[in-house]
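Residue numbers (our numbering): 1 to 407. Note sheet for the following structure.
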Amino acid sequence: MNCRSCGHLLGHSFLNLQHSPPSNSFLTEEMLGMEEPYFPLNVHVCERCFLVQIDEYAASRSIFNAGYVYFSSYSEVFVKHASDYVSHITGLLGLYGGSMVYEAASNDGYLLQFFKAQGIPCCGIEPSKSVADVALAKGIPTEVEFFTASFASQLAQRKGKADLFIGNNVMAHVPDLNDFIAGIKFILKPDGVATIEFPHLLHLMRNLEFDTIYHEHYSYFSLLAVQGAFTRHGLKTFHVEELPVHGGSLRVYVAHAESPRAVDETVGNVLADEMRSGLGVIETFAGFQDKVDALCRDFLHFLVTQKKAGKKVAGYGAAAKGNTLLNYCGVRPYLLDFVADITPAKQGKFLPGSHIPVYGEEAIAERKPDYIVILPWNWKDSIAQRLDYTRAWGAQFVTVIPSVTVF
Numbered sequence: 001m002n003c004r005s006c007g008h009l010l011g012h013s014f015l016n017l018q019h020s021p022p023s024n025s026f027l028t029e030e031m032l033g034m035e036e037p038y039f040p041l042n043v044h045v046c047e048r049c050f051l052v053q054i055d056e057y058a059a060s061r062s063i064f065n066a067g068y069v070y071f072s073s074y075s076e077v078f079v080k081h082a083s084d085y086v087s088h089i090t091g092l093l094g095l096y097g098g099s100m101v102y103e104a105a106s107n108d109g110y111l112l113q114f115f116k117a118q119g120i121p122c123c124g125i126e127p128s129k130s131v132a133d134v135a136l137a138k139g140i141p142t143e144v145e146f147f148t149a150s151f152a153s154q155l156a157q158r159k160g161k162a163d164l165f166i167g168n169n170v171m172a173h174v175p176d177l178n179d180f181i182a183g184i185k186f187i188l189k190p191d192g193v194a195t196i197e198f199p200h201l202l203h204l205m206r207n208l209e210f211d212t213i214y215h216e217h218y219s220y221f222s223l224l225a226v227q228g229a230f231t232r233h234g235l236k237t238f239h240v241e242e243l244p245v246h247g248g249s250l251r252v253y254v255a256h257a258e259s260p261r262a263v264d265e266t267v268g269n270v271l272a273d274e275m276r277s278g279l280g281v282i283e284t285f286a287g288f289q290d291k292v293d294a295l296c297r298d299f300l301h302f303l304v305t306q307k308k309a310g311k312k313v314a315g316y317g318a319a320a321k322g323n324t325l326l327n328y329c330g331v332r333p334y335l336l337d338f339v340a341d342i343t344p345a346k347q348g349k350f351l352p353g354s355h356i357p358v359y360g361e362e363a364i365a366e367r368k369p370d371y372i373v374i375l376p377w378n379w380k381d382s383i384a385q386r387l388d389y390t391r392a393w394g395a396q397f398v399t400v401i402p403s404v405t406v407f
């Protein structure tokens with residue numbers, strides 16, 4: 001296997017999560033008796049450019065299809081994050097009715113709806129028809145396609161080039177990283193800007209966020225790795241913002257290398273933090289496996305202890321990250337009764353691998369669990385507030401990342 005960024009032969013394992021099914025491949029009851037596809041989930045790190053990555057065992061076109069069940073608009077916190085971003089970037093770049101905004105992996109229009117409301121021309125590029133149809137129903141122009149260099153060329157000819165290109169939590173989903181970045185280079189106007197958000201590898205390692213690793217995520221980025229990839233394609237990273245979303249993310253601002261935009265101190269500051277933390281030294285990546293395995297043992301001990309005591313334990317939020325956690329730790333319905341989720345497309349189905357049933361949120365009030373494991377821990381505060389009514393019967397919340405915590 002060669003690095004998907006620099007092409008160097010990969011020889012260092014970062015984390016081996018064995019085999020698991022794709023994390024958003026939810027099952028109907030009829031599918032429970034059928035053979036379920038499992039793929040290796042072995043994570044490597046490149047000793048040359050330090051990109052952390054998995055191989056494309058589960059093809060992207062088999063994941064992001066008409067049955068895709070992740071709808072961004074069901075996360076109120078994430079929609080507010082998108083609204084705040086649009087207000088910020090519109091003023092910063094002076095976007096107006098004559099500008100053009102593109103977003104790759106635009107999902108159900110959760111972000112572009114705010115540009116549309118301001119009369120700023122925009123267009124989404126979304127390969128999953130299930131969510132793209134929702135955006136189209138909102139009146140948001142959406143191309144049902146993967147963003148590639150070839151498609152960027154076609155799009156530029158039909159609709160024009162971009163004043164702003166947005167890629168929020170999409171580069172991790174791209175198996176051909178160089179092709180995607182080449183597309184950004186092509187679609188930007190000479191003075192155009194791309195903003196790219198991604199979970200920061202530094203936080204993944206510091207906080208044992210191993211559950212963010214699943215087949216949809218082919219790459220895990222540090223600024224060091226992503227900056228090198230952009231530079232090879234004639235793009236420069238001139239500004240970086242550190243964000244709290246997804247357990248700690250970066251938003252990088254990118255322009256053509258020949259752009260007059262100056263590289264500011266935020267870039268050097270984040271790079272310096274990464275270097276101090278050893279992200280430019282291959283030895284730093286050893287030992288992560290042992291920490292993850294210890295955390296899994298702690299989680300299983302908690303579940304077994306509670307079930308032996310006759311307690312009812314449920315999960316909340318049928319997130320992809322939760323499926324990585326449950327499958328690697330070997331959690332099954334006899335340890336976790338059910339998972340509640342507000343997304344209709346997930347309700348009445350079963351989690352991939354673990355086969356734990358997914359119900360609507362009303363199941364929490366009906367079954368009154370003693371413990372509620374919040375699987376999307378990055379939204380734990382808003383979820384705990386939403387489920388505050390469970391205090392009436394003494395329920396307690398549990399998070400597993402970075403350690404098993406009851407509150």
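Don't be surprised by glycine CBs; every beta carbon is placed ideally from N, CA and C.
- Cβ-Cβ distances below 7 Å link residue 190 to 256 in the same chain, with the five nearest sequence neighbours on each side left out; the list follows chain order.
- Around the CB of residue 96, fewer than 16 other CB atoms lie within 10 Å, so the residue is classed as exposed.
- Judged by DSSP secondary structure, residue 191 falls outside any alpha helix (DSSP H) and instead within the beta strand (DSSP E) spanning 188-199.
- Judged by DSSP secondary structure, residue 149 falls within the alpha helix (DSSP H) whose first and last residues are 149-159.
- The beta-carbon distance between residue 326 and residue 270, rounded to whole angstroms, is 33 Å. This is too long to meet the 8 Å contact definition.
- Here the C-alpha atom of residue 187 lies approximately 40 Å from the C-alpha atom of residue 292.
- Setting aside the 5 residues that flank it on each side, residue 405 is surrounded in the same chain by 398, 399, each with a C-beta closer than 8 Å to its C-beta; the list follows chain order.
- In this structure the region 314-323 touches the region 375-383; the number of beta carbon pairs closer than 8 Å is three or more.
- The residue from 241, 45, 247 with its alpha-carbon nearest to that of residue 268 is 241.
- By the C-beta density criterion, residue 407 is exposed, having fewer than 16 other C-beta atoms within 10 angstroms.
- Between residue 333 and residue 355, the CB-CB gap stays under 8 Å.
- Around the beta carbon of residue 104, a 10 Å sphere encloses 16 or more other beta carbons of the protein chains shown; the residue is thus reported as buried.
- The beta carbon of residue 179 sits closer than 7 Å to the beta carbons of 148, 149 from its chain, once the five residues preceding and following it are set aside; these are given in chain order.
- Residue 106 sits close to residue 142, with the two beta carbons spaced by under 8 Å.
- With 16 or more other Cβ atoms from the protein chains shown falling within 10 Å of its own Cβ, residue 379 counts as buried.
- Of the residues 200, 87, 164, 231, the one whose Cα lies closest to the Cα of residue 117 is 87.
- Annotation: residue 259 to residue 100 spans about 18 Å, alpha carbon to alpha carbon.
- When DSSP states are grouped into helix, strand and coil, residue 322 belongs to the helix group.
- Linking residue 157 to residue 102 through their CA atoms gives a straight-line distance of about 14 Å.
- Annotation note: the region 228-297 contains the following uninterrupted alpha helix (DSSP H) runs of length 4 or greater, listed N- to C-terminal: 265-276.
- Between residue 225 and residue 51, the CB-CB gap stays under 8 Å.
- With a 10 Å radius around the Cβ and a threshold of 16 neighbouring Cβ atoms, residue 8 comes out exposed.
- For residue 103, the enclosing beta strand (DSSP E) starts and ends at 101-104.
- Across the set 205, 323, 349, 346, the C-alpha of 205 shows the shortest separation from the C-alpha of residue 289.
- Distance from residue 124 to residue 137 at the Cβ level is roughly 13 Å; contact not present, criterion being Cβ atoms closer than 8 Å.
- Residue 244 counts as exposed, since fewer than 16 other C-beta atoms from the protein chains shown sit within 10 angstroms of its C-beta.
- Below 8 Å, enough C-beta pairs join the region 38-56 and the region 3-17 to call them touching: three or more.
- Judged by beta-carbon spacing, residue 218 lies beyond the 8 Å limit of residue 306, meaning their Cβ atoms are not closer than that value.
- Residue 339 carries a strand assignment under DSSP once its states are collapsed to helix, strand and coil.
- Straight-line spacing of the CA atoms in residue 181 and residue 299 works out to 39 Å.
- Residue state for residue 381 is assigned as helix, using DSSP reduced to three classes.
- Only residues of its own chain outside the window of five on either side were considered, and among them 247, 401, 402 have a CB closer than 7 Å to the CB of residue 207, listed in chain order.
- Between residue 342 and the set 362, 173, 19, 153, the nearest pair of CA atoms involves 362.
- As a beta-bridge residue in DSSP terms, residue 314 pairs with 372.
- Note: residue 20 is bridge-paired with 39 in the DSSP secondary-structure output.
- Within 10 angstroms of the beta-carbon of residue 322 lie 16 or more other beta-carbons, which makes it buried.
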